[in-house]
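2 protein chains.
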Amino acid sequence: MSNRDDIVSKLKASGVTPTTQRVEIAQILFARPQHLSAEQILKMVNQESSSTASKATIYNTLGLFAKKGLVKEVIVDPSKVFYDSNVSKHFHFYNIDSGELTDIPADAIHIDKLPNLPQGTESSGLEVIVRIKNS
Amino acid sequence: MSNRDDIVSKLKASGVTPTTQRVEIAQILFARPQHLSAEQILKMVNQESSSTASKATIYNTLGLFAKKGLVKEVIVDPSKVFYDSNVSKHFHFYNIDSGELTDIPADAIHIDKLPNLPQGTESSGLEVIVRIKNS
DNA sequence: TTATCCTGTTAGACAAAGTCTAGAAAACAA
DNA sequence: TTGTTTTCTAGACTTTGTCTAACAGGATAA
Ligand SMILES: [Mn+2]
Ligand SMILES: [Mn+2]
Ligand SMILES: [Zn+2]
Ligand SMILES: [Zn+2]
Chain A
401 MSNRDDIVSK LKASGVTPTT QRVEIAQILF ARPQHLSAEQ ILKMVNQESS STASKATIYN
461 TLGLFAKKGL VKEVIVDPSK VFYDSNVSKH FHFYNIDSGE LTDIPADAIH IDKLPNLPQG
521 TESSGLEVIV RIKNS
Chain B
401 MSNRDDIVSK LKASGVTPTT QRVEIAQILF ARPQHLSAEQ ILKMVNQESS STASKATIYN
461 TLGLFAKKGL VKEVIVDPSK VFYDSNVSKH FHFYNIDSGE LTDIPADAIH IDKLPNLPQG
521 TESSGLEVIV RIKNS
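These protein sequence lines are chains A and B, in that order.
Take any residue in the first sequence, count from 1 to its spot, add 400: that is its number in this note's numbering.
Take any residue in the second sequence, count from 1 to its spot, add 400: that is its number in this note's numbering.
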């Protein structure tokens with residue numbers, strides 16, 4: 401998924417017009433499963449890449465990707481959102497000392513008995529976060 | 401737990417000097433199990449109360465209460481932290497449409513098989529968030 | 001071709017949450 | 001009381017993220 405044509409196809413398949421900026425951002429994100437903040441992506445686009453993108457475009461694009469299901473927002477740190485390029489079911493360790501976010505495979509946690517949702521609502525995602533600290 | 405003396409005892413028991421401002425904030429928080437943001441508490445202290453407190457004191461106090469285990473920070477909304485006056489084990493629904501945070505009793509979810517923690521780390525809390533939306 | 005339209009990008013102003021600083025006020029100890 | 005420490009405070013500051021209004025550039029119509 402690091403090939404430029406694959407990225408373009410992936411965006412098209414999700415109904416996202418593959419502009420220069422979006423393809424740049426997607427190439428960074430989809431190079432491998434990872435957790436990046438908007439600020440990190442902004443820096444990466446404007447350092448390692450040929451083309452550039454503004455802050456507004458970074459946020460617009462990440463919001464669009466999230467809406468289209470291409471990335472998942474992970475909210476574990478009050479100071480910034482992480483964008484996760486792995487959208488398959490999995491959970492997270494969050495190291496509160498280092499700020500490091502790491503994956504827990506879906507099959508490493510088993511949840512039986514989920515509660516009934518409140519009236520008039522439907523599920524929009526299940527999150528499990530194991531906060532850890534250095535010992 | 402709405403009695404002023406009880407609040408003072410509770411703070412002392414946790415090693416927190418019961419100053420005027422801390423007792424005010426604690427009275428609001430511990431009146432019942434609830435989820436409040438720093439801004440909400442700031443407003444409540446300066447409207448419904450005899451004494452007042454500054455923004456810095458609200459944040460200092462909430463940080464202190466969290467460190468002493470009197471409240472639990474709940475991070476589900478990227479724009480603000482919720483302070484939970486219920487520190488016993490339980491989980492949360494977060495309605496992304498309304499911003500409402502509600503409790504899931506501990507016994508409504510059963511998790512067996514928790515993953516091994518990464519080397520050199522220890523657990524600091526397990527969070528389960530069921531994101532919901534209005535249907 | 002040229003005008004018009006539409007979508008996306010942009011700089012930078014703006015908003016909101018939270019942190020920090022330096023001085024004032026309380027609380028405390030002797 | 002006097003000296004010492006802790007707490008409180010206003011407001012400047014930082015950071016993340018949003019908004020606006022202008023602009024670019026490709027598609028399309030005439
Ligand atoms: Mn924020
Ligand atoms: Mn509960
Ligand atoms: Zn992940
Ligand atoms: Zn709760």
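Just so it is clear, CB atoms sit at the ideal spot from N, CA and C, and this is done for glycine as well.
query: Below 8 Å, can you find three or more Cβ-Cβ pairs linking the region 472-483 of chain A to the region 412-422 of chain A?; result: no
query: Consult DSSP for A/N460 and reduce its assignment to one of helix, strand or coil.; result: helix
query: Please tell me whether A/L501 has its Cβ less than 7 Å away from any Cβ of chain B.; result: no
query: Taking beta-carbon pairs under 9 Å, can you tell me which members of the region 503-520 of chain A lie near chain B?; result: I504, P505, D507, A508, I509, H510, I511, D512, K513, L514, P515, N516, L517, P518 and G520
query: Report yes if the C-beta of B/N486 is less than 6 Å from at least one heavy atom of ligand 4; otherwise report no.; result: yes
query: Along the chain, where does the beta strand (DSSP E) that runs through A/I475 open and close?; result: K472 to D477
query: Is A/D503 near ligand 3, judged by its Cβ being under 6 Å from some heavy atom?; result: yes
query: Can you confirm whether A/V530, when its beta carbon is compared against all beta carbons of chain B, has any partner nearer than 7 Å?; result: yes
query: When the Cα atoms are used, what is the spatial distance from A/A508 to B/L514?; result: 6 Å
query: Which residues mark the beginning and the end of the beta strand (DSSP E) in which B/R531 is found?; result: T521 to N534
query: Would you say B/L436 faces chain A, with C-beta separation under 7 Å as the test?; result: no
query: Give the residues from the region 482-496 of chain B that approach chain A closer than 7 Å (Cβ to any Cβ), ordered along the chain.; result: F493, N495 and I496
query: In three-state DSSP terms, what is A/N403?; result: coil
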